[in-house]
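**Student:** Sending over a structure as structure tokens; questions will come in a sec.
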Amino acid sequence: MPSKILPFNRKPGGAPAGGLSTSLRGVAKMYAGLPVLRPLDLQIEAGEFVAVVGRSGCGKSTLLRLIAGLETPCQGEIRHDGQIRQTLGGDIRVMFQEARLLPWRSLLDNVGIGLTGDWQAAALDTLREVGLQGREHDWPAVLSGGQKQRVALARALASHPRLLLLDEPLGALDALTRIEMQNLIESLWLEQGFSAVLVTHDVAEAVALADRVILLEDGGIGLDIAVNLPRPRQRGEAAFARIEGEVLRRVLGQQTPNQPAATQHI
Amino acid sequence: MTGKAYAAKVLLPWLVPALLLSAWVVLAKIGWISSRVFPAPWEVWQAALNLAGSGELWRHLGISAGRAGLGFMIGGGIGFTLGMANGLSPLAEKLLDSSVQMVRNVPHLALIPLVILWFGIDEEAKIFLVALGVFFPIYVNTFHGIRTVDPQLLEMARVYGLRRAGLFREVIFPAALPSILVGVRYALGLMWLSLIVAETIATTSGIGYLAMNAREFMQTDVVLVAILLYSLLGKLADSLARGLERKLLRWHPAYRAG
Chain A
1 MPSKILPFNR KPGGAPAGGL STSLRGVAKM YAGLPVLRPL DLQIEAGEFV
51 AVVGRSGCGK STLLRLIAGL ETPCQGEIRH DGQIRQTLGG DIRVMFQEAR
101 LLPWRSLLDN VGIGLTGDWQ AAALDTLREV GLQGREHDWP AVLSGGQKQR
151 VALARALASH PRLLLLDEPL GALDALTRIE MQNLIESLWL EQGFSAVLVT
201 HDVAEAVALA DRVILLEDGG IGLDIAVNLP RPRQRGEAAF ARIEGEVLRR
251 VLGQQTPNQP AATQHI
Chain B
1001 MTGKAYAAKV LLPWLVPALL LSAWVVLAKI GWISSRVFPA PWEVWQAALN
1051 LAGSGELWRH LGISAGRAGL GFMIGGGIGF TLGMANGLSP LAEKLLDSSV
1101 QMVRNVPHLA LIPLVILWFG IDEEAKIFLV ALGVFFPIYV NTFHGIRTVD
1151 PQLLEMARVY GLRRAGLFRE VIFPAALPSI LVGVRYALGL MWLSLIVAET
1201 IATTSGIGYL AMNAREFMQT DVVLVAILLY SLLGKLADSL ARGLERKLLR
1251 WHPAYRAG
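Line by line, the protein sequences are chains A and B. Per this note's numbering, the very first residue in the first sequence carries number 1; after that it's consecutive. Per this note's numbering, the very first residue in the second sequence carries number 1001; after that it's consecutive.
Below, the structure is given as structure tokens:
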């Protein structure tokens, strides 16, 4: 087990800070007059892992960016632990689809971005947790795509955030690296207990990682189901496949086998 | 490095100059060219030694280098500051960029008669010409460097808690640096050009004076020494710029040694 370093937001001798609870009330967003998100309500409990799936353009990335504070809602409000945030950063971190590492900084400096105080030890520790120990002085240019995303994950977790937002971070990786990264994210989440919102187009990924899968369609929440499978999730099992199949059918616009066939929207 | 690789990398660039030098020696020896028109290498060398011995070489070299350096710092400093300001502030850009572009389109060497009227024929005129020549490449490339910072990196840095000063220090300036250094390299070339021309305006010191004076007395060998001095200084400045690039841009895949 990797050694534990006290995160900066933990009171000495106190309990871990845990996750943020986030609530969205009546949140809507329009771009150029077109509604992307109709007024929706969403509650994310502290420490919960929520996956948001849906077709391209359904607004899932917009929803994540609203929660992150990168965009402001046209209507409604978003509260973290009951407060509306005015600034970016703090205890919320984002992992983007691209690694977005600073090319002119070493891996260690990249992981430590925005950290203050004696951050090197924590940064080194996080790099070790993602399996890149010994490479802290390399330039990002020498890494592969998967390695870069691992550094991005380390960077996101180095400050022990209470809410981690993941915007399709594994989309550009090959299938095997993706599964390894999913396992890594799950184990770090189990260990640190932050809240997480994962936006993904990959339904299997959503079912593998999340406590709850939300489907966005037509700018609103079309499906919100709990995934009560034990962890670590086993992909080949029947229960896994059943939930994955149900969500996938809804995403593709097909009805479940019990209901009469409806028109297919492909 | 193996012997062959060493020979290729270090010695090969000198092959053509060595051949040219040999050709020069041979042609001078067989008297194919009049030494008035094109002196022999050993005459140039002797002239250089004489000048070095009497201290004149160093005096004029220092003065020319000083003019160039001062002009570069003034023009480069203003260009850098203005490029930064216009790059970072849309308001500054709207106010100032068009004016700068209008002035840029006037070839600065064509301003020489005007410069003489304004500044006379003393040091200020020469430094002004150098500064003006250096200003534009540094301004344009600094401005461009700031404007083409990857917005994704900026967004990431903001999300990770960086504010204005931190954003500039960690993201904007390093991202603009490759472009700024391109501007510096280009400006160095223009610096020498401007200096050479400026030193043809009535001078009493500097390498240009050395050349003009020698021309009056048909001392072609001294003229060649002056030309060689200019090219030596140019090469030195270029090497300095490359060294800077190598040091500051170690992270860039295009600049890495190998």
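Glycine is no exception: its CB is placed at the ideal position from the N, C-alpha and C atoms. Here the structure is a predicted model, which is why all the values come from computation and not from measurement.
#1: Taking one C-beta from the segment 54-63 of chain A and one from the segment 1124-1131 of chain B each time, how about it: are there three or more such pairs within less than 8 Å?
#2: Apart from the five residues just before and just after His265(A), which ones in its own chain have a Cβ nearer than 6 Å to its Cβ?
#3: Around the Cβ of Ser159(A), are there at least 16 other Cβ atoms within 10 angstroms (buried) or fewer (exposed)?
#4: Mind checking Leu24(A): buried by the 16 CB within 10 Å criterion, or exposed?
#5: Which class does Ser23(A) belong to by DSSP, given the choice of helix, strand or coil?
#6: Could you spell out the range, first to last residue, of the beta strand (DSSP E) harbouring Met95(A)?
#7: Spell out a yes or no on whether the segment 76-88 of chain A and the segment 177-194 of chain A are touching, meaning 3 or more CB-CB pairs, one atom from each, closer than 8 Å.
#8: Assuming the contact rule is C-beta atoms closer than 8 Å, Val52(A) and Ile214(A) should be a hit. Round their C-beta distance to whole Å, please.
#9: Please specify which runs of the alpha helix (DSSP H), each continuous and at least 4 residues long, are wholly inside the segment 109-176 of chain A, giving them in chain order.
#10: Taking the continuous alpha helix (DSSP H) assigned at Ser1239(B), which residues delimit it?
#11: Please report the Cβ distance between Gly54(A) and Val251(A), rounded to the nearest whole angstrom; I am assuming they are in contact, meaning their Cβ atoms lie under 8 Å.
#12: Quick check: Phe194(A) and Leu173(A), are their CB atoms within less than 7 Å of each other?
#13: Whose C-beta lies closer than 6 Å to the C-beta of Gly171(A) among residues of the same chain, with five residues either side of it excluded?
#14: Do you know whose CA, among Ala1040(B), Pro1039(B), Leu1057(B), lies nearest Ser1205(B)'s CA?
#15: Report the rounded CA-to-CA distance for Gly1133(B) versus Val1222(B), giving the unit in angstroms.
#16: Jot down the residue ranges of each uninterrupted alpha helix (DSSP H) in the segment 1060-1114 of chain B, minimum 4 residues, whole runs only, in chain order.
#17: To the nearest angstrom, how far is the alpha carbon of Val130(A) from that of Arg249(A)?
#18: Please report how far the alpha carbon of Gly1249(B) lies from the alpha carbon of Trp139(A), in whole angstroms.
#19: Take the Cβ of Leu157(A) as the centre, count every other Cβ of all protein chains shown within 10 Å, and call the residue buried at 16 or more, exposed below.
#20: Of all the residues that make up the segment 1122-1139 of chain B, which are near chain A by a beta-carbon distance shorter than 9 Å?
#21: Can you pull the chain A residues whose beta carbon is under 7 Å from the beta carbon of Ala1165(B), in chain order?
#22: Report the partner residues of Ile44(A) according to the DSSP bridge assignment.
#23: Under the three-state reduction of DSSP, which class applies to Leu223(A): helix, strand or coil?
#24: Just the chain A side, please: which residues come within less than 9 Å of Gln1101(B) by C-beta, in chain order?
#25: Which class does Val1149(B) belong to by DSSP, given the choice of helix, strand or coil?
#26: With a threshold of 7 Å on Cβ separation, who are the neighbours of Trp1024(B) within its own chain once the five nearest residues in sequence on each side are excluded?
#27: Beta-carbon of Tyr1160(B) versus every beta-carbon of chain A: anything under 7 Å?
#28: For the candidate residues Asp81(A), Ala210(A), Arg135(A), whose alpha-carbon lies nearest to that of Arg166(A)?
#29: Please confirm whether Leu1154(B) has its beta-carbon closer than 7 Å to some beta-carbon of chain A.
#30: Verify whether the separation of the beta carbon atoms of Glu246(A) and Val203(A) is less than 7 Å.
#31: Find the residues of chain B that neighbour Trp139(A), judging by a C-beta separation of less than 7 Å, and give them in chain order.
#32: Please tell me whether Pro1174(B) has its Cβ less than 7 Å away from any Cβ of chain A.
**Tutor:** Answer, in terms of the structure:
#1: no
#2: With a pLDDT of 44 at His265(A), under the threshold of 50, the modelled position of this residue cannot be trusted; read the value that follows with caution. Answer for His265(A): Gly253, listed in chain order.
#3: buried
#4: buried
#5: strand
#6: 92-95
#7: no
#8: 5 Å
#9: 120-129, 145-158
#10: 1220-1248
#11: 7 Å
#12: no
#13: Gln97
#14: Leu1057(B)
#15: 27 Å
#16: 1090-1104
#17: 34 Å
#18: The amino acid at residue 1249(B) is misidentified as Gly; the sequence shows Leu. Each residue's alpha carbon lies about 11 Å from the other.
#19: buried
#20: none
#21: Per Cβ cutoff of 7 Å: no residues; Ala1165(B) is ~13 Å from chain A at best.
#22: Thr22(A)
#23: strand
#24: Ordered by position in chain A, no residue passes the 9 Å Cβ test against Gln1101(B), which lies about 30 Å from the chain.
#25: coil
#26: Pro1041
#27: yes
#28: In the sequence on display, residue 166(A) carries Leu and not Arg. Looking at the Cα atoms, Ala210(A) is the closest of the given residues.
#29: no
#30: no
#31: Trp1251
#32: yes
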